[in-house]
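Let me begin by presenting the structure, written as structure tokens, before commenting on it.
Number of protein chains: 2
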Amino acid sequence: MSRVYNFSAGPSMMPEWVLKKASNEMLEYGATGQSVMEMSHRSKEYEAIIRSCESLLRELMNIPDNYKVLFLQGGASSQFAMIPLNLMTKNHKADYVTTGQWSKKAMAEAKRYGTVNEVASSADKTFSYIPDVDAMKFDPEADYVHITLNNTIYGTKWPKLPETGNVPLVADISSMALSEPLDVSKFGVLYAGAQKNMGPAGLTVVIIREDLIGEPQEGTPTMFQYKIHADNGSMYNTPPTYSIYMCGLVCQWLKEEIGGLENMKKINEEKAAILYDFLDHSKLFKGTVEPGSRSLMNVPFVTGDEELDKKFVAESKAAGFVNLKGHRTVGGMRASIYNAMPVEGVKALVAFMKKFEEENA
Amino acid sequence: MSRVYNFSAGPSMMPEWVLKKASNEMLEYGATGQSVMEMSHRSKEYEAIIRSCESLLRELMNIPDNYKVLFLQGGASSQFAMIPLNLMTKNHKADYVTTGQWSKKAMAEAKRYGTVNEVASSADKTFSYIPDVDAMKFDPEADYVHITLNNTIYGTKWPKLPETGNVPLVADISSMALSEPLDVSKFGVLYAGAQKNMGPAGLTVVIIREDLIGEPQEGTPTMFQYKIHADNGSMYNTPPTYSIYMCGLVCQWLKEEIGGLENMKKINEEKAAILYDFLDHSKLFKGTVEPGSRSLMNVPFVTGDEELDKKFVAESKAAGFVNLKGHRTVGGMRASIYNAMPVEGVKALVAFMKKFEEENA
């Protein structure tokens, strides 16, 4: 077996521990005589799997009891509509902060369902920083404030949370879920496409404060109503059963093999430090993000020469470092170093970058 | 290894050939050094997988070139809204035929977006038959006619297609997709949740005639617009990548191991005949569906005695026949004998039923 170091922004690397367990259990899960994929979602066997996944998530993320955990489909892109359809129901207005393409998409969708106020934006410098959090002025009448806590494409992360008073804070945490502890009680809604740190593509996890689950806007498709999914324990219709099982395995790995999110954060900080430290001292490569806004998960960098960037991407791929090409809208390179990327992977990448630097100085 | 015979209505049995291949490829797909689950959906490696799945589906189902194949999420329940939101756009009315709980749900959702005419219903006899197809009168001004071609819960299948003239016929084929050939050109839209015959839960396949893909109703969430998905080759956002890979493996199995849908139909007819023939002659068990409306896939039956039904379900489970309990809204028993259920599974079940009959006469 020769597995590559996969720096994909998502879907992305999964822990080998998880993949091995999934492979071993593919034809028969425990003593059930079935694959998890074949289980009726209404069976006792499967009920145990989904509830175990939820309970591990609650434990790892320290989710308060007055929050529901929903296992949905459709990715963050579906949440871009579900959030306004379900939450923009009192004053029909919301505050958005624009820190990249995904928050722009979220805002554009929300504008279709109410009045949107763009509180701040970092579009002026290609989203290479998070706007001054202390300077943001939020509307106390807004139904919610929406932010993208980690920006996959531009490699930024909010250095701290904004003060929104009584207005619920809604955050897209797709590319940082489970990478470090978060104080869930500071949020009204957290949502994530699973395909970075939580499991396979096709599962969307929503963590929502119970008092925010109410009557949605008129015309909201039944499947886009949080209330329907909350009232039915994510079993209104058939959930993405296998992806939830995989998410449970990832949680088990985080708990048993890593020791929880505090430990995961330390490992992620170690990995990020190796890469950022190299970038800060390199004569060829440089990071594109302001130091105070750097993501632990997504690290974009450039040589400053497009041809050299291409050469690097090609040579690194040949050497077993795949998906280092930057997002099609940004160019350059990007190393996504999610939970499953081992420290050795980052060290090996930096060694390769050093060699490339020497050869191309 | 001791795999059970799983008669679940869905998620349901998958071919062992498929599960073994998936298990073997879990850590490394071909020479890519990655699991399919870890692949960027924008990578060449994954592009090949999704296009191969589509091309196998097109070949197996003989899908004409003027139809798009969309790989979506959210199950048939999401289609219940997507169909009216995208198709009820000319005269804002549609015809529905009610043949069970799922078609009722589809109709209820459509009523939220336009005028719905219930053309026929079999509610009077607990949906144990398909209403007279020749007697149905459709509105030539309707934007479409919606039917559920196979009814999972009640075990009925339309004996023939209705004549709808120029009005597009839309059919939910969740529980019969890939079980037999269908003339796709007779339909405007076909849709299916994958979790019966096509792959894991979390994938929804929509086959839609290109001229029906247009501007949806105002306010339709972006992710509920067929046009968005069609224009982006099902890659507007991250699709359920692994489930699509599994669907491709199922198609490969159908093509290479079974020899296509004509052969699959023969096998399915053989299985169904074994079970129906037994039910027709049994002194204890009897089928609940009128002979002319019987499904090849879902076979509900009863003893006529609730206590005996319970005893049968318990004893059959202990003997390795699982998920034979009827739907919670119907009671009795139901054997779902999808593509992956081997002939031996049905023979073994009938042998067990005979023994139970003798012991409980």
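So the sequences go chain by chain: A and B.
The numbering used here applies: residue 1 is where the first sequence begins, and numbers increase by one.
The numbering used here applies: residue 1001 is where the second sequence begins, and numbers increase by one.
Don't be surprised by glycine CBs; every beta carbon is placed ideally from N, CA and C.
Span separating the alpha-carbon of residue i from that of residue j
i         : j         : result
B:Leu1212 : B:Gly1188 : 7 Å
A:Pro159  : A:Gly304  : 27 Å
A:Tyr338  : A:Asn360  : 29 Å
B:Asn1151 : A:Asp65   : 39 Å
B:His1281 : B:Val1350 : 12 Å
B:Lys1137 : B:Thr1115 : 16 Å
B:Met1235 : A:Thr288  : 27 Å
A:Val362  : A:Tyr276  : This structure cannot settle anything about residue 362 of chain A, because the visible part of chain A is limited to 1 through 361.
A:Pro240  : A:Ile258  : 26 Å
A:Tyr154  : A:Glu357  : 23 Å
A:Val330  : B:Asn1062 : 41 Å
B:Lys1271 : A:Met341  : 48 Å
A:Tyr226  : A:Gly219  : 14 Å
A:Phe352  : A:Glu290  : 24 Å
B:Glu1038 : B:Met1026 : 10 Å
B:Ala1230 : B:Tyr1191 : 14 Å
B:Tyr1129 : B:Ser1122 : 6 Å
A:Thr32   : A:Tyr242  : 15 Å
A:Lys311  : B:Asp1172 : 50 Å
B:Val1343 : B:Ile1267 : 7 Å
B:Lys1044 : A:Ala110  : 33 Å
A:Lys125  : B:Lys1090 : 45 Å
B:Glu1262 : B:Val1133 : 25 Å
B:Pro1181 : B:Lys1265 : 7 Å
A:Leu442  : A:Gly292  : Since the first residue shown for chain A is 1 and the last is 361, residue 442 of chain A is missing from the structure and cannot be characterised.
A:Tyr144  : A:Lys186  : 13 Å
B:Ala1048 : B:Gly1074 : 24 Å
B:Val1260 : B:Ile1050 : According to the sequence provided, residue 1260 of chain B is Gly. The question's Val does not apply to it. The straight-line gap from Cα to Cα measures roughly 20 Å.
A:Glu306  : B:Tyr1113 : 50 Å
A:Ser2    : A:Arg328  : 28 Å
A:Ala135  : A:Ala120  : 9 Å
B:Phe1127 : A:Val170  : 45 Å
A:Met88   : B:Glu1269 : 52 Å
Other residues of its chain near residue i: CB distance less than 7 Å, five sequence neighbours each side excluded
i         : result
B:Glu1118 : Tyr1096, Thr1098, Met1107
B:Met1297 : Asn1150, Ser1175, Met1176, Ser1179, Ser1336, Ile1337, Tyr1338
B:Val1184 : Met1061, Asn1062, Ile1063, Pro1064, Tyr1067, Leu1190, Ile1207
A:Gly199  : Ser243, Met246, Cys247, Val250
A:Thr222  : Ile228
A:Phe278  : Val350, Met353
B:Asn1197 : Ala1177, Leu1178, Ser1179, Tyr1338, Asn1339
A:Gly56   : Correcting the residue type first, residue 56 of chain A is Leu in the shown sequence and not Gly. Closer than 7 Å at Cβ, skipping near neighbours: Gly248, Cys251, Gln252, Lys255.
B:Glu1315 : Phe1356
Integer-rounded CB distance, given that residue j should sit under 8 Å from residue i
i         : j         : result
B:Ala1094 : B:His1146 : 6 Å
B:Val1004 : A:Gln34   : 6 Å
A:Ser295  : A:Thr164  : Not really, about 22 Å apart at Cβ, beyond 8 Å.
A:Asn24   : A:Met13   : A:Asn24 to A:Met13, Cβ: 19 Å. No contact.
A:Thr238  : B:Gln1195 : 6 Å
Proximity below 8 Å, CB of residue i to CB of residue j
i         : j         : result
B:Ala1022 : B:Thr1204 : no
A:Ala201  : A:Pro15   : no
A:Leu334  : A:Ala9    : The amino acid at residue 334 of chain A is misidentified as Leu; the sequence shows Arg. Contact flag set, yes.
B:Ser1052 : B:Gly1233 : no
A:Asp309  : A:Gly345  : no
A:Leu60   : A:Val206  : no
B:Ile1274 : B:Lys1355 : no
B:Tyr1029 : B:Val1018 : no
A:Phe301  : A:Lys286  : yes
Contact with chain D by residue i, beta-carbon distance below 8 Å
i      : result
A:Asn6 : Looking at the structure shown, chain D is missing, and the protein chains on hand are A and B.
Cβ shell of residue i (< 8 Å), same chain only, five flanking positions each side left out
i         : result
A:Phe224  : Ser78, Ala81, Met82, Leu85, Asn86, Pro216
A:Arg58   : Val69
B:Lys1105 : Ser1077, Phe1080
A:Pro140  : Gly165, Asn166, Val167
A:Ser103  : Tyr96, Val97, His146, Ile147, Thr148, Asn151, Asp172
B:Tyr1046 : Val1036, Met1039, Ser1040, Thr1241
6 Å CB neighbourhood of residue i in its chain, flanking five on each side removed
i         : result
B:Ala1142 : Lys1093, Ala1094, Asp1095, Val1167
B:Val1313 : Leu1324, Lys1325
B:Leu1284 : Thr1303, Glu1357
Residue i beta carbon near the ligand HEM (any heavy atom closer than 7 Å)
i         : result
B:Leu1203 : Because no ligand of any kind appears in the structure shown, any question about the ligand HEM cannot be addressed here.
Three CB pairs or more closer than 8 Å across the stretch 1311-1330 of chain B and the stretch 1243-1263 of chain B: no
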